[in-house]
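Numbering (UniProt numbering), first residue to last: 1 to 555. C-beta atoms are modelled at their ideal positions from N, C-alpha and C, and glycine is treated no differently.
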């Protein structure tokens with residue numbers, strides 16, 4: 001029997017590449033095993049338009065899902081390639097990035113570098129490469145030209161009372177160059193089988209938000225989402241595909257702001273993009289509103305993030321009173337977008353800790369430390385905190401004695417650097433000591449979206465409320481999602497979000513949360529992070545949340 005150094009099982013794209021690379025090693029023998037064969041030469045193997053002719057043949061595993069409750073008990077055909085090249089041999093040359101949850105699931109097992117955000121940059125490089133194929137000018141910038149033609153044809157069709165949602169096919173001719181036959185495809189992320197969702201990911205039955213006969217979705221092409229890397233019900237609703245499904249029924253796309261490229265990251269701070277829903281820190285939200293940003297507050301969440309004061313082992317700082325006379329890190333107010341957020345968080349976190357001992361910020365010596373983002377090009381305000389937490393390096397070097405920190409990534413970085421928790425604000429029963437950027441956390445929307453498409457705001461909040469109900473029964477799944485979002489390990493996520501945090505993700509506009517947000521606003525105004533004060537009541541729009549609660553209650 002022949003012996004091999006390596007046996008690679010599966011001749012799909014990944015298996016073939018692994019086998020090819022291993023075989024380049026001098027003296028190495030590799031056996032590639034594939035259940036199928038090489039596709040026979042012919043039009044179905046070469047012409048993407050005829051790839052469907054391979055379905056149900058020996059080149060297809062011809063899988064089928066179990067009966068789907070959401071489809072009235074029907075099953076769904078699930079083609080999968082059984083040939084060299086795997087599913088790519090029969091997929092009509094389609095380019096699909098894949099479900100973000102799949103990559104995040106990989107990262108939960110094999111570590112950073114395989115999560116969706118990490119691979120997104122590679123996807124973009126591949127996609128943009130198609131725009132610079134100078135050897136054949138007809139293809140230059142093809143996606144934009146085709147997109148423009150589709151929009152033009154869509155306008156013509158709309159003028160004749162036809163809808164692109166009907167599935168009508170169109171011929172698009174690009175000159176100079178060959179002819180292209182194309183059809184509009186609405187991109188939707190739908191639930192397919194249980195394996196595509198975390199355990200128990202079946203969406204509870206729900207009544208759809210009312211749709212006006214005059215097509216209320218007109219003018220709302222895309223709903224944009226932006227959030228911070230913490231467990232949020234809106235983020236869960238997006239990950240489970242519920243937002244895409246509900247908005248897709250009305251012909252509206254759903255996308256995350258971070259996928260729009262770095263040029264759009266500023267909207268996480270200034271909220272200048274119509275159609276944008278933001279569940280993020282209060283510092284940018286309050287500052288933007290005070291500066292005149294057209295936003296409305298439609299919900300508040302309170303998500304404990306394990307706010308702590310980090311110290312060196314043996315420092316003796318184990319109580320708030322022990323901070324007196326010590327040096328505390330204060331991030332510089334640098335030019336980076338969101339730099340003021342880190343400074344504001346540190347100041348308010350330190351004040352919260354000192355206040356437990358009846359002390360103020362004047363009890364410590366504030367030492368400015370450089371923002372850790374200065375050496376991290378490409379960081380975006382709504383990306384994972386895959387960087388050192390500002391101040392930890394200075395703590396290790398002995399330049400400061402205490403650093404305010406929060407979240408899984410910060411705990412991971414602290415452990416790697418040898419820092420320890422001196423004061424745990426989450427252990428104190430009074431939540432007022434933890435009022436900060438994320439506690440409470442505002443949910444805001446562009447006021448034009450609220451004025452022109454109130455149904456969309458209620459629909460968004462209804463799915464958020466339902467996702468909060470789902471999260472209450474799926475703690476482990478929420479922790480896995482959080483680890484992938486935050487850039488921290490699953491262990492750090494579990495240490496950060498303790499107890500029944502997963503049961504408290506639903507937004508509200510309670511008097512208590514509004515009072516705590518007002519305290520945050522007063523702090524930010526008094527320390528210059530918000531340009532001027534404004535009445536919080538003028539910002540609040542309670543109607544969409546009430547409508548969403550009625551939708552959920554109606555089932």
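List the endpoints of the continuous alpha helix (DSSP H) containing residue i.
i: residue 392; result: 392-396
i: residue 235; result: 233-239
i: residue 15; result: 13-23
i: residue 546; result: 543-554
i: residue 105; result: 100-110
i: residue 267; result: 267-270
With which residues is residue i paired in a DSSP beta bridge?
i: residue 299; result: 443
i: residue 227; result: 279
i: residue 246; result: Answer is none; residue 246 lacks a bridge partner.
i: residue 310; result: 403 and 421
i: residue 540; result: 297
i: residue 436; result: 439
i: residue 222; result: 253
i: residue 508; result: 300
i: residue 340; result: According to DSSP, residue 340 bridges with nothing at all.
Just how far apart, CA to CA, sit residue i and residue j?
i: residue 316; j: residue 398; result: 14 Å
i: residue 163; j: residue 552; result: Because residue 163 sits at a pLDDT of 40, beneath the cut-off of 50, its placement in the model cannot be relied upon, and the following sentence gives the value as read from the coordinates. Going from the Cα of residue 163 to the Cα of residue 552 covers about 30 Å.
i: residue 297; j: residue 456; result: 15 Å
i: residue 352; j: residue 237; result: 32 Å
i: residue 220; j: residue 25; result: 55 Å
i: residue 234; j: residue 434; result: 22 Å
i: residue 314; j: residue 421; result: 11 Å
i: residue 506; j: residue 49; result: 46 Å
i: residue 123; j: residue 426; result: 39 Å
i: residue 378; j: residue 267; result: Because residue 378 sits at a pLDDT of 36, beneath the cut-off of 50, its placement in the model cannot be relied upon, and the point is left open.
i: residue 363; j: residue 429; result: 23 Å
i: residue 87; j: residue 119; result: 20 Å
i: residue 5; j: residue 113; result: 27 Å
i: residue 547; j: residue 512; result: 21 Å
i: residue 541; j: residue 332; result: 35 Å
i: residue 293; j: residue 366; result: 32 Å
i: residue 225; j: residue 244; result: 11 Å
i: residue 557; j: residue 241; result: Absent from the structure is residue 557, since the part of the chain shown begins at 1 and ends at 555.
i: residue 446; j: residue 60; result: 47 Å
i: residue 534; j: residue 97; result: 44 Å
i: residue 418; j: residue 357; result: 26 Å
i: residue 252; j: residue 78; result: 26 Å
i: residue 105; j: residue 474; result: 15 Å
i: residue 1; j: residue 409; result: 51 Å
i: residue 400; j: residue 306; result: 21 Å
i: residue 217; j: residue 250; result: Confidence is the limiting factor: at residue 217 the pLDDT is only 49, short of 50, which leaves the residue's position unreliable, though a coordinate-based value still follows. Cα to Cα, residue 217 sits roughly 6 Å from residue 250.
i: residue 16; j: residue 10; result: 8 Å
i: residue 340; j: residue 282; result: 12 Å
i: residue 43; j: residue 278; result: 48 Å
i: residue 304; j: residue 501; result: 7 Å
i: residue 503; j: residue 308; result: 22 Å
i: residue 227; j: residue 444; result: 10 Å
i: residue 63; j: residue 53; result: 16 Å
i: residue 232; j: residue 431; result: 19 Å
i: residue 247; j: residue 458; result: 11 Å
Taking Cβ to Cβ, would you say residue i is nearer than 7 Å to residue j?
i: residue 83; j: residue 31; result: no
i: residue 402; j: residue 326; result: yes
i: residue 19; j: residue 51; result: no
i: residue 329; j: residue 369; result: yes
i: residue 108; j: residue 466; result: no
i: residue 436; j: residue 345; result: yes
i: residue 65; j: residue 75; result: yes
i: residue 302; j: residue 439; result: yes
i: residue 354; j: residue 388; result: no
i: residue 299; j: residue 545; result: yes
i: residue 521; j: residue 286; result: yes
i: residue 412; j: residue 291; result: no
i: residue 536; j: residue 518; result: yes
i: residue 523; j: residue 348; result: yes
i: residue 274; j: residue 495; result: no
Since residue i is in the beta strand (DSSP E), which residue starts that stretch and which ends it?
i: residue 331; result: 327-331
i: residue 368; result: 365-369
i: residue 422; result: 420-424
i: residue 525; result: Per DSSP, residue 525 belongs to no beta strand (DSSP E); it is in the alpha helix (DSSP H), 511-526.
i: residue 456; result: Counting along the chain, residue 456 falls outside any beta strand (DSSP E), though it belongs to the alpha helix (DSSP H) covering 454-471.
i: residue 253; result: 253-256
Return yes when the C-beta of residue i is under 6 Å from any heavy atom of the ligand MG, and no when it is not.
i: residue 283; result: The model on display carries no ligand, and the ligand MG is accordingly not part of it.
Starting from the N-terminal side, write out each stretch of the beta strand (DSSP E) that is 3 residues or longer and does not extend beyond the segment 5-82.
-> The DSSP assignment places complete beta strand (DSSP E) segments of no fewer than 3 residues inside the segment 5-82 at 6-9 and 30-33, in order along the chain.
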